[in-house]
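2 protein chains.
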Amino acid sequence: MAIEKINISGKLSLFDDYWNPRIVGELNGQHVKLVKFKGEFVWHKHENEDEMFLVVKGEFKMELRQKTIEIKEGELIIIPRGTEHRPTATEEVHIMLFEPMSTLNTGNVQDKLTKNMLEKI
Amino acid sequence: MAIEKINISGKLSLFDDYWNPRIVGELNGQHVKLVKFKGEFVWHKHENEDEMFLVVKGEFKMELRQKTIEIKEGELIIIPRGTEHRPTATEEVHIMLFEPMSTLNTGNVQDKLTKNMLEKI
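Line order of the protein sequences matches chains A and B.
Going by the numbering used here, the residue at position 101 of the first sequence is 113; the numbering climbs one at a time, nothing skipped.
Going by the numbering used here, the residue at position 95 of the second sequence is 107; the numbering climbs one at a time, nothing skipped.
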């Protein structure tokens, strides 16, 4: 496969829906995904996967059971496996995710927001 | 361990040297690193590790044996395992790296630029 660079904002301009991660890269059994959030997600956890959220544009809140952390543009957070969490965003926020290829967006929870198949863009 | 967010530019302000990646996060056996490049690195490859370079600030060139790719702010490139590559930067560039914890910066090459131990910041 040809090696090409990926322009993050260019890829983000290809979709408009929320809570529907797109795959933009793959390495070492991990996926690099881009996603737009707005509103409240569902409480969930991933039993076997750590998950990284990096804010490309905007800001959001990561709710944990013990505290809520505001993540702004140019900041990232790693949620360790087994940790219940819920992202919420008052305004649209653009996020890069880095997580194992096996990761389901709603983790241990089956919800209307669950995406079993992700598009590669 | 407490879950805390990481501010990328704040971490980058903690060091000034080139070609010396710092570890800022760990997930799923992978490291998230920050590094500043300026000048020419050494040609090398990683036999068993894919490597991702994301430009946080500035730009650089990734030389491959077949072509050279310019990577600008907000762009990323994934170099598959086994692919010879050499990053070069005319001006200082700030990069985020994602790669397995086992990854040595100069891969299969032992060089004065080799860093066997990386600092966590």
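Every residue, glycine too, gets a C-beta built ideally from N, C-alpha and C.
Beta-carbon gap between residue i and residue j smaller than 7 Å
{"i": "A/K23", "j": "A/V36", "result": "yes"}
{"i": "B/I89", "j": "B/F65", "result": "yes"}
{"i": "A/L46", "j": "A/M108", "result": "yes"}
Beta-carbon separation (whole angstroms), residue i vs residue j, contact threshold 8 Å
{"i": "A/Q42", "j": "B/N40", "result": "6 Å"}
{"i": "A/H97", "j": "A/E75", "result": "7 Å"}
{"i": "A/I20", "j": "B/E87", "result": "7 Å"}
{"i": "B/V105", "j": "B/E71", "result": "6 Å"}
{"i": "B/V67", "j": "B/E85", "result": "5 Å"}
{"i": "B/K73", "j": "B/T95", "result": "That belief does not hold up - the Cβ atoms of B/K73 and B/T95 are roughly 15 Å apart, past 8 Å."}
{"i": "A/K124", "j": "A/N117", "result": "Wrong, their Cβ atoms sit about 12 Å apart, outside the cutoff."}
Option nearest residue i by Cα separation, candidates the options
{"i": "B/K50", "options": "B/D62, B/P33 and B/V44", "result": "B/P33"}
{"i": "A/W55", "options": "A/V67, A/T80, A/I107 and A/S114", "result": "A/T80"}
{"i": "A/H58", "options": "A/D28, A/P92, A/V67 and A/D29", "result": "A/P92"}
{"i": "A/N103", "options": "A/Y30, A/K17 and A/I15", "result": "Strictly speaking, residue 103 of chain A in this sequence is Glu, with Asn absent from that position. Taking only the C-alpha atoms, the option nearest A/E103 is A/Y30."}
{"i": "A/E131", "options": "A/M113, A/D123, A/K124 and A/G119", "result": "A/M113"}
{"i": "B/E63", "options": "B/G119, B/R77, B/Q78 and B/E16", "result": "B/G119"}
{"i": "B/A14", "options": "A/K17, A/K69 and A/R77", "result": "A/R77"}
Span of the beta strand (DSSP E), counted from its first residue to its last, around residue i
{"i": "B/L66", "result": "E63 to K69"}
{"i": "B/P33", "result": "First-last for B/P33: undefined, no H or E at that position."}
{"i": "B/M99", "result": "Reading off the sequence, residue 99 of chain B comes out as Pro, not Met. Per DSSP, B/P99 belongs to the beta strand (DSSP E) from H97 to P112."}
{"i": "A/H43", "result": "Q42 to E52"}
{"i": "B/K84", "result": "T80 to K84"}
{"i": "A/E87", "result": "E87 to I91"}
N- and C-terminal bounds of the alpha helix (DSSP H) containing residue i
{"i": "B/I133", "result": "Taken as a continuous stretch (DSSP letters only), B/I133 belongs to no alpha helix (DSSP H), as it is neither H nor E."}
{"i": "B/L24", "result": "I20 to L24"}
Minimum Cβ-Cβ distance from residue i to chain D less than 7 Å
{"i": "B/I133", "result": "Of the protein chains in the structure, A and B, none is chain D."}
Report the residues of the stretch 52 to 83 of chain B with a CB closer than 7 Å to any CB of chain A, ordered along the chain. E61, D62, M64, L76, I81 and I83
Using a beta-carbon distance cut-off of less than 9 Å, what residues from the stretch 26 to 56 of chain B approach chain A? V36, G37, E38, L39, N40, G41, Q42 and V44
Can you pull out the residues from the stretch 103 to 123 of chain B whose beta carbon lies closer than 9 Å to at least one beta carbon of chain A? M108, F110, E111 and P112
Residues of the stretch 87 to 103 of chain B with a CB closer than 8 Å to any CB of chain A: list them in chain order, please. E87, L88, I89, I90, I91, P92 and T95
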